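Inspection log for the structure reproduced underneath, given as structure tokens.
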Amino acid sequence: MAHTRHTGKPALDPARVRSEFPVLSRFVRDGKPLVYLDNAATSQKPALVIEALDEYYRHYNANVHRAIHHLAEEATTRYEEARTVIGSFIGAENPREVIFTRGTTESINLVAHAWGRKYVGADDEIMLSEMEHHSNMIPWQLLAKATGSRLVYIPVLENGELDLDAYRERLSSRTRLVALTQMSNVLGTINPVADMIRDAHRAGARVLVDGAQSVPHMPVDVKALDCDFLAFSGHKMCGPTGIGILYAKEELLETMDPFHGGGEMISKVSWHEATWADLPHKFEAGTPNIADAIGLAAAVGYLSSLGMDDIHRAEQALTAYALEALRTIEGLRIYGDAANRGGAISFVMEGIHPHDISHFVDQDGVAVRAGHMCCQPMMKKFGHPAMTRASLYLYNTRDDVDRLVEALERVKGFFNRAT
Ligand code: 7TS
75 MAHTRHTGKP
85 ALDPARVRSE
95 FPVLSRFVRD
105 GKPLVYLDNA
115 ATSQKPALVI
125 EALDEYYRHY
135 NANVHRAIHH
145 LAEEATTRYE
155 EARTVIGSFI
165 GAENPREVIF
175 TRGTTESINL
185 VAHAWGRKYV
195 GADDEIMLSE
205 MEHHSNMIPW
215 QLLAKATGSR
225 LVYIPVLENG
235 ELDLDAYRER
245 LSSRTRLVAL
255 TQMSNVLGTI
265 NPVADMIRDA
275 HRAGARVLVD
285 GAQSVPHMPV
295 DVKALDCDFL
305 AFSGHKMCGP
315 TGIGILYAKE
325 ELLETMDPFH
335 GGGEMISKVS
345 WHEATWADLP
355 HKFEAGTPNI
365 ADAIGLAAAV
375 GYLSSLGMDD
385 IHRAEQALTA
395 YALEALRTIE
405 GLRIYGDAAN
415 RGGAISFVME
425 GIHPHDISHF
435 VDQDGVAVRA
445 GHMCCQPMMK
455 KFGHPAMTRA
465 SLYLYNTRDD
475 VDRLVEALER
485 VKGFFNRAT
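Residue numbers (this note's numbering): 75 to 493.
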């Protein structure tokens, strides 16, 4: 059995990993084995996550933090245990710093409202990078419009890396917040966020890290990064949809206003005013998504049992293999050549529309994404309204990559004959 150099644990065994994901043994399009390469959009779920959801609904479905009956106690315990498990997965000091949300998008909106409207003023600047997903752009556009503040962008270079010199030049005492993705969902670039956070803090700015594409794929430790906020989604990391996390430093959460008002988030209520519940409940108004929080903890347990270092290492090796294989296809151009990159691989093919590529490879059972990937301004900068993207995860194999390359060769053959 192969062992990793550092841990002595067995290296990731793709065949075993694959067998744990029921959907991966499916056939699609008249009997083609599924090759799932749309992981940046959402990941598949291992049986143990599906079973955790099933167990909650079958055996201890109840609302949390209210009733004193047996089921309510069990549900509350499991829900709060989930918070602790997820908190330690990202190195949070205290589960009070871990807020359940619907996902990355809601987590970022929470910060834009509850922190932004209180702390960002008319002369302030919010710094974003040009590779941000619309989820980490629109909430700040809305905040800028509401407060009169200004958005400043860190340019993306031709090779897909950020222009770090421009970043340092544009940071100033006016910068209130830097909101930055750790890994690009289009270019695959892994940004040097730890260094960038240090620079931002020196300038007196807070930093929000969009971890939607990083937390599922590599070890992320909020203490090591010293980020002020970290947002991520359960469904991209083997967990259920509709659940995600906002991590924030306790000192920030304490001074922030609530985002949503309602039950659960209050301490005392009178006709005209109220006081807020302690953290983290101040930010979790209404009945939370109990089942999916428990499901996400199961996913985190699964990823931890495999080891995030090993998952990252295996994915980096497969990414290198995929990049090399795709580069053998004449007329195919990959966008994103950063020295440090993950497995989101976007490309264009001369004379063939990305939607046609996606449609044709789907006939061979290969699922990829085509479109603007929620990064319209950056796509425009690179001169393409759309691209095709293959994105890898822990259950993908070299065979999946070979099937993609064969399918792309067939697309090319078809269009060459047609023109
Ligand atoms: N940030 C990044 C970097 C993302 O890639 C995504 C989703 C989000 C935020 C939003 O996450 P959500 O779970 O709140 O929707 N990215 C993609 C994608 O690349 N294709 O579909 C969704």
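Note that beta-carbon positions come from the ideal geometry of N, C-alpha and C, so glycine has one too. As the structure is a prediction and not an experimental result, all values here were calculated from the model.
Measuring only the C-alpha atoms, how far is leucine 122 from serine 378?
The count along the sequence shown starts at 1 and reaches residue 122 at position 48. The count along the sequence shown starts at 1 and reaches residue 378 at position 304. Cα-Cα distance, rounded: 13 Å.
If you run the structure through DSSP and keep just helix, strand and coil, what is alanine 176?
On the sequence shown, position 102 is the one that residue 176 refers to. Note on identity: in this sequence residue 176 is arginine, with alanine being the wrong assignment. The answer is coil: DSSP assigns arginine 176 none of H, G, I, E or B.
Name the DSSP beta bridge partners of tryptophan 350, please?
In the sequence shown, residue 350 corresponds to position 276, counting from 1. Per DSSP, Ile340.
Taking the alpha carbon of serine 341 as the point to measure from, which residue in Ile160, His355 and Ile173 has its own alpha carbon closest?
Taking the first residue of the sequence shown as position 1, residue 341 is located at position 267. Of the listed residues, the one whose Cα sits closest to serine 341 is His355.
Cysteine 448 and serine 93 closer than 9 Å at C-beta:
Mapped onto the sequence shown, residue 448 falls at position 374. Mapped onto the sequence shown, residue 93 falls at position 19. In this structure, serine 93 does not lie closer than 9 Å to cysteine 448 by Cβ.
Should alanine 89 be labelled buried (16 or more other beta-carbon atoms within 10 Å of its own) or exposed?
Locating residue 89 in the sequence shown gives position 15, counting from the first residue. Answer is exposed; the Cβ neighbour count stays below 16.
Is arginine 242 helix, strand or coil by DSSP?
The count along the sequence shown starts at 1 and reaches residue 242 at position 168. Of the three classes helix, strand and coil, the one that applies to arginine 242 here is helix, per DSSP.
Roughly how many angstroms lie between the CA atoms of isoleucine 368 and serine 307, to the nearest whole one?
Sequence index remark: in the sequence shown, residue 368 carries index 294 (1-based). Sequence index remark: in the sequence shown, residue 307 carries index 233 (1-based). Approximately 14 Å between the Cα atoms of the pair.
Valine 296: first and last residue of the uninterrupted alpha helix (DSSP H) it sits in:
Within the sequence shown, residue 296 is the residue found at index 222, counting from 1. Note, valine 296: alpha helix (DSSP H), 296–299.
Buried or exposed, going by whether 16 or more other CB atoms sit within 10 Å of the CB of phenylalanine 174?
Working through the sequence shown from its first residue, we reach residue 174 at position 100. By the 10 Å Cβ count, phenylalanine 174 comes out buried.
Can you confirm whether the stretch 434–453 touches the stretch 471–482 when touching is taken to mean that 3 or more C-beta pairs between the two stretches lie within less than 8 Å?
yes
beta-carbon alanine 388 near the ligand ADP non-hydrogen atom, thresh 8 Å
The model depicted lacks the ligand ADP and carries the ligand 7TS instead.
Proximity test, arginine 443 beta-carbon vs the ligand 7TS heavy atom, cut-off 8 Å:
For the purposes of this step, residue 443 is taken as the residue at position 369 of the sequence shown. Yes, the Cβ of arginine 443 comes within 8 Å of a heavy atom of the ligand 7TS.
With distances taken from CA atoms, which of Ala413, Ile408, Leu326 and Leu380 is nearest tryptophan 189?
As a first step, residue 189 must be located in the sequence shown, where it is residue number 115. Measuring from the Cα of tryptophan 189, the nearest candidate turns out to be Leu326.
Using only the heavy atoms of the ligand 7TS, determine whether one of them is closer than 8 Å to the beta carbon of threonine 462.
One-based indexing of the sequence shown puts residue 462 at position 388. Not so, every heavy atom of the ligand 7TS lies at least 8 Å from the Cβ.
For leucine 145, count the other beta carbons within 10 Å of its own beta carbon; 16 or more makes it buried, fewer makes it exposed. Which is it?
Residue mapping note: residue 145 aligns to position 71 of the sequence shown, counting from 1. Exposed is the call here.
Is any non-hydrogen atom of the ligand 7TS found closer than 8 Å to the C-beta of threonine 116, if you look at the structure I gave you?
Within the sequence shown, residue 116 is the residue found at index 42, counting from 1. The answer is yes for threonine 116.
Within 10 angstroms of the Cβ of tyrosine 131, are there 16 or more other Cβ atoms? Answer buried if so, exposed if not.
Position 57 of the sequence shown holds residue 131. Exposed, by the Cβ-count rule.
Between arginine 176 and the ligand 7TS, is there a pair consisting of the residue's CB and a ligand heavy atom that are separated by less than 8 Å?
For the purposes of this step, residue 176 is taken as the residue at position 102 of the sequence shown. Yes; taking the cut-off as 8 Å, the Cβ of arginine 176 has a heavy atom of the ligand 7TS nearer than that.
Within the same chain, show all residues whose beta-carbon is closer than 7 Å to that of tryptophan 555, passing over the 5 residues directly before and after it, in chain order.
There is no way to answer for residue 555, as the model of the chain reaches only from 75 to 493.
Just how far apart, CA to CA, sit glutamine 118 and threonine 462?
The count along the sequence shown starts at 1 and reaches residue 118 at position 44. The count along the sequence shown starts at 1 and reaches residue 462 at position 388. Cα to Cα, the separation comes out at about 20 Å.
Rounded distance between the beta-carbons of methionine 205 and threonine 255, thought under 8 Å:
Position 181 of the sequence shown, counted from the first residue, corresponds to residue 255. Position 131 of the sequence shown, counted from the first residue, corresponds to residue 205. Rounded, the Cβ-Cβ distance is 6 Å, consistent with contact.
Nearest-angstrom Cβ-Cβ length linking alanine 359 and valine 260, presumed shorter than 8 Å:
The sequence position of residue 359 within the sequence shown is 285, counting from 1. The sequence position of residue 260 within the sequence shown is 186, counting from 1. Going by Cβ atoms, the distance from alanine 359 to valine 260 rounds to 34 Å, so no, they are not a contact pair.
Name, in chain order, the residues that DSSP records as bridge partners for threonine 393.
Translated into positions along the sequence shown, residue 393 becomes position 319. Threonine 393 is not bridged to any residue.
Cβ atoms of leucine 111 and leucine 478: under 9 Å apart, would you say?
If you number the sequence shown from 1, residue 478 lands on position 404. If you number the sequence shown from 1, residue 111 lands on position 37. It is a contact, given that the beta carbons lie within the stated cut-off.
Nearest residue (CA-CA) to valine 267, options Tyr241, Gly195 and Leu370
What you label residue 267 is simply residue 193 of the sequence shown in a count that begins at 1. Residue Tyr241 is the option with its Cα nearest to valine 267.
Whole angstroms are fine: how far does the CA of glycine 222 sit from the CA of leucine 54?
The displayed coordinates of the chain run from 75 to 493. Any statement about residue 54 would go beyond what the structure contains.
When DSSP labels each residue in this structure, what does arginine 96 get in the three-state scheme?
Working through the sequence shown from its first residue, we reach residue 96 at position 22. One point to set straight first is that residue 96 is proline, not arginine, in the sequence displayed. Helix, per DSSP.
Residues that DSSP places opposite glutamate 199 in a beta bridge:
Within the sequence shown, residue 199 is the residue found at index 125, counting from 1. DSSP output for glutamate 199 lists Arg224 and Thr249 as bridge partner(s).
What do you reckon, is the C-beta of alanine 286 under 8 Å from a heavy atom of the ligand 7TS?
On the sequence shown, position 212 is the one that residue 286 refers to. Yes, the Cβ of alanine 286 comes within 8 Å of a heavy atom of the ligand 7TS.
With a Cβ-Cβ cutoff of 9 Å, do leucine 236 and isoleucine 228 count as a contact?
The residue labelled residue 236 in the question sits at position 162 within the sequence shown. The residue labelled residue 228 in the question sits at position 154 within the sequence shown. It is a contact, given that the beta carbons lie within the stated cut-off.
What is the DSSP secondary structure of aspartate 205, counted as helix, strand or coil?
Within the sequence shown, residue 205 is the residue found at index 131, counting from 1. At residue 205 the sequence reads methionine, which differs from the aspartate that was named. Note: methionine 205 maps to coil in three-state DSSP.
Which of helix, strand or coil DSSP assigns to tyrosine 130:
For the purposes of this step, residue 130 is identified with residue 56 of the sequence shown, where counting begins at 1. Reduced to three states, the DSSP call for tyrosine 130 is helix.
From the DSSP output, in three-state form, read off aspartate 112 for me.
As a working mapping, residue 112 is identified with position 38 in the sequence shown. Looking at aspartate 112 - three-state DSSP - the assignment turns out to be strand.
Can you grab the Cα-Cα spacing for the pair leucine 304 / valine 296, in whole Å?
By one-based count along the sequence shown, residue 304 stands at place 230. By one-based count along the sequence shown, residue 296 stands at place 222. Approximately 8 Å between the Cα atoms of the pair.
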